[in-house]
Amino acid sequence: MFARKAGKLVPRTGRRTFTMDTPVPASLPCFDDWDRPFTDLELLEIEAAIQSAAAKHRSSDKSSDAENVANGDETVTRTRCRRLPDSLFSNPFSLSPCRRSVFKRRSKMLPELAFRGRVVYCRTEAEAEKSADELLNFIETKRKAQGEVSLGLDLEWKPSFRRGVAPGKAAVLQICGEMNQCYVFHICHSGIPQNLQTLLQSTTTVKVGSNIANDARKIFLDHNVSIRNLEDLSALANQKLDGAPKNWGLASLTESLLCKQLPKPSNLRLGNWDTPVLSKEHLSYAATDAFVSWHLYQVLKSLPDAPMPKHMDRE
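Note that the sequence shown covers residues 1 to 315 in full-length UniProt numbering.
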């Protein structure tokens with residue numbers, strides 16, 4: 001991501017694309033820096049190693065679930081097999097809601113959801129203009145084939161933890177309209193060029209997200225650009241799901257509808273999105289939020305409206 005120029009590291013130009021399921025080589029700390037803090041990557045590797053060891057331990061303990069049954073002069077060993085939830089073997093991006101009762105109140109059992117497709121990262125005006133043009137062409141093609149086109153949209157900015165200090169301006173805008181590719185615009189560096197402005201202001205595409213009106217307000221205040229044709233996932237969920245209305249977030253909807261966890265590590269969620277170049281972890285986090293917004297909209301739209309409460313059904 002950087003090139004050396006006059007003894008300094010400067011960001012390279014040109015759009016960068018990443019495939020989020022590309023394996024990252026493991027790295028081990030040297031003995032002379034044993035007291036330094038672990039990096040996020042090392043922590044993830046440690047966690048993966050622990051989970052792998054736990055899985056092997058569970059496998060070696062299968063004999064504990066066996067019971068001996070006398071059969072004449074023979075002893076038959078019968079193993080009790082436990083049926084795993086079907087959702088563990090289903091398509092990870094199925095457009096049908098999962099059976100929420102399977103994992104009710106056991107969210108720690110849920111697998112994590114992450115976008116595994118291609119992420120296009122744009123940090124200059126030219127890169128943002130080119131990617132927005134690609135999105136406009138994608139929208140037009142999809143609209144002719146399917147009619148309505150929806151885009152998952154989310155926003156990131158640097159928060160403030162000091163009283164009297166305003167949070168940073170909208171720094172990152174992420175957009176996703178399919179399973180295979182998402183766009184991450186680093187708008188604190190690129191601005192919002194004409195093609196991207198046209199995309200945001202278009203009424204032919206519905207922009208979906210959790211509390212998306214707040215993101216639209218933030219973009220307008222910080223960049224003087226309106227986002228039109230919004231649909232809030234929380235309001236749509238209250239229309240489709242039984243029970244008392246809730247203020248749904250992406251994480252709670254992901255758990256309830258998809259039977260998966262949406263990781264929200266605070267070092268990323270509350271991190272510095274104004275950084276000169278976003279890390280691969282930043283890009284994965286941003287792309288996943290936009291993808292999940294789009295994906296949840298597809299699931300919710302496939303559901304019938306929830307029946308009206310009896311007291312509201314009376315005339």
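Even glycine gets a Cβ: it sits at the ideal position worked out from N, Cα and C.
From a predicted model like this one, the values you see are computed outputs, not experimental measurements.
Worksheet entry | Three CB pairs or more closer than 8 Å across the stretch 271-278 and the stretch 289-298 | With the cut-off at 8 Å, the stretch 271-278 and the stretch 289-298 do not touch.
Item to complete: With DSSP as the reference, label Val292 as helix, strand or coil.
Response: helix
Practice prompt. Take Ala235 as the anchor and find which of Arg228, Ser226, Val208 and Leu258 has the nearest alpha-carbon.
Written response: Distances from the CA of Ala235 to each of Arg228, Ser226, Val208 and Leu258 were compared; the closest alpha carbon is that of Val208.
Worksheet item: Taking buried to mean at least 16 other C-beta atoms within 10 Å of its own C-beta, is residue 319 buried or exposed?
Response: Nothing can be reported for residue 319, as the shown portion of the chain is limited to 1 through 315.
Discussion item. Across the stretch 191-203 and the stretch 254-274, are there enough close Cβ pairs to call them in contact, namely three or more that are closer than 8 Å?
Written reply: The way I'd put it, the stretch 191-203 doesn't touch the stretch 254-274; fewer than three beta-carbon pairs between them come closer than 8 Å.
Discussion item. Less than 6 Å between C-beta atoms, sequence neighbours within five positions excluded: which residues of the same chain meet that for Cys176?
Written reply: Spatial neighbours of Cys176 in its own chain (CB-CB distance under 6 Å, excluding positions within 5 residues in sequence) are listed in chain order as Gly152, Cys182, Ala290, Phe291 and Trp294.
Worksheet item: Is Val206 near Asn229, with beta carbons less than 8 Å apart?
Response: yes
Discussion item. Let me check understanding here. Comparing Cα to Cα, which of Ser190, Ser150 and Pro167 lies closest to Met179?
Written reply: Ser150
Worksheet item: First and last residue of the beta strand (DSSP E) that includes Cys176?
Response: Ala170 to Cys176
Practice prompt. Taking only the alpha-carbon atoms, compute the straight-line gap between His186 and Met308 and give it to the nearest angstrom.
Written response: Roughly 43 Å between the two C-alpha positions.
Worksheet item: Roughly how many angstroms lie between the CA atoms of Ser160 and Ala170, to the nearest whole one?
Response: 13 Å
Fill in: Uninterrupted beta strand (DSSP E) stretches inside the stretch 195-248 (no shorter than 3 residues)
205-209 and 230-232
Worksheet item: Just how far apart, CA to CA, sit Leu250 and Ala126?
Response: Straight across, the Cα-Cα distance linking Leu250 with Ala126 is about 31 Å.
Discussion item. Tell me the residue span of the beta strand (DSSP E) that contains Glu156.
Written reply: Val149 to Trp157
Worksheet item: The beta strand (DSSP E) with Phe185 in it runs from where to where?
Response: Following the DSSP letters along the chain, one finds Phe185 inside the beta strand (DSSP E) bounded by residues Gln181 to Phe185.
Worksheet item: According to DSSP, is Thr141 helix, strand or coil?
Response: Helix at Thr141.
Fill in: Beta bridge counterpart(s) of Cys122 as assigned by DSSP
Phe185
Fill in: Alpha-carbon spacing of Thr204 relative to Glu140, whole angstroms
9 Å
Discussion item. Just to confirm my understanding: we take Lys218, look at its own chain, exclude 5 residues before and 5 after, and list those with CB closer than 8 Å. What are they?
Written reply: Here the set comprises Leu155, Trp157 and Ala170.
Fill in: Local Cβ density within 10 Å of Leu270, reported as buried at 16 or more and exposed below that
exposed
Item to complete: Round the Cβ separation of Leu296 and Leu253 to the nearest angstrom and send it over; I've been treating them as touching at under 8 Å.
Response: Contact between Leu296 and Leu253 holds: CB atoms are separated by about 5 Å, below the 8 Å threshold.
Discussion item. Counting C-beta neighbours from all protein chains within 10 Å, is the total for Arg115 16 or more, i.e. buried, or is it exposed?
Written reply: Checking the sequence shown, residue 115 turns out to be Phe, not Arg. That one is buried.
Worksheet item: From what residue to what residue does the alpha helix (DSSP H) around Arg269 run?
Response: Ser266 to Arg269 is the span of the alpha helix (DSSP H), which, as asked, contains Arg269.
Worksheet entry | Ala244 to Asp305 span [Cα, whole Å] | Whole-angstrom Cα-Cα distance: 14 Å.
Fill in: Any C-beta of chain C under 8 Å from that of Thr203
Protein chain content of the structure displayed is limited to a single chain, and chain C is not contained in it.
Discussion item. Can you tell me whether residue 335 is buried or exposed? The criterion is at least 16 other CB atoms within 10 Å of its CB, across all chains shown.
Written reply: With the chain running from 1 to 315 in the structure shown, residue 335 is simply not present.
Discussion item. Just to confirm my understanding: we take Ile212, look at its own chain, exclude 5 residues before and 5 after, and list those with CB closer than 6 Å. What are they?
Written reply: Within the same chain, Ile212 has close Cβ partners Leu230 and Asp232.
Worksheet item: Thr254 by DSSP, collapsed to three states: which one?
Response: helix
Discussion item. What does the Cβ neighbour count give for Val172, buried or exposed, with the cut at 16 atoms within 10 Å?
Written reply: buried
Worksheet item: Would you report the Cα separation of Arg163 and Ser226, rounded to the nearest angstrom?
Response: Using only the alpha carbons, I get a separation of about 29 Å.
Worksheet item: Can you list, in chain order, the residues of its chain whose CB lies under 7 Å from that of Leu241, leaving out five sequence neighbours each side?
Response: Ala306
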